[in-house]
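**Q** Below is the structure I would like to discuss, written out as structure tokens.
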Amino acid sequence: MMLKKKYIKSRKVCQVVFELPADQIPEGIEVESVHLVGDFNDWDLTATPMKRSRQKVYRATVDLEPEQTYQFRYVVNGNHWLNDWQADDYVANNFGEDNCVVVTLAGNSTV
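Numbering (this note's numbering), first residue to last: -16 to 94.
Listed below in structure tokens is the structure:
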């Protein structure tokens, strides 16, 4: 799992690529769908589908406001919630688990 961030000066956004390797999905789960959910899409379970690459990595690219903090998680088949263990930070949620945190870049930054 990995977050790739790039500030797009012409659009004044931080483009974030979220990645979930297929081997990070617990065994026994037959994957039908993987979605990225977070406060940037109102935790909508279907708003941001992730596409599987030939390298068996699920990816989604999202344009976010720069210099902000967002919470997110991955959802498999609409009911298996997974974290990105390389997120920028983690915060407790109301369900006794942690949400991942991504901090977006300011201008002139690349990670």
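The beta carbon of each residue, even a glycine, is placed where N, CA and C say it ideally should be.
For N66, which of helix, strand or coil comes out of DSSP?
**A** Three-state DSSP puts N66 in coil, outside helix and strand.
**Q** DSSP puts D46 in a beta bridge; with which residues?
**A** In the DSSP output, where bridge partners are listed per residue, D46 has Q(-2).
**Q** On the DSSP letters alone, give me the boundaries of the beta strand (DSSP E) that V74 sits inside.
**A** Per DSSP, V74 belongs to the beta strand (DSSP E) from 72 to 75.
**Q** Just verifying my parser: in three-state terms, what is the DSSP assignment at Q51?
**A** Of the three classes helix, strand and coil, the one that applies to Q51 here is coil, per DSSP.
**Q** Can you give the beta carbon distance from V45 to F1, rounded, assuming they're within the 8 angstroms contact cut?
**A** Confirmed, about 7 angstroms.
**Q** Rounded to whole angstroms, what is the Cα-Cα separation between G79 and D72?
**A** Spanning the two alpha carbons is a distance of roughly 16 angstroms.
**Q** Tell me, which residues are paired with L19 by DSSP?
**A** According to DSSP, L19 bridges with Y57.
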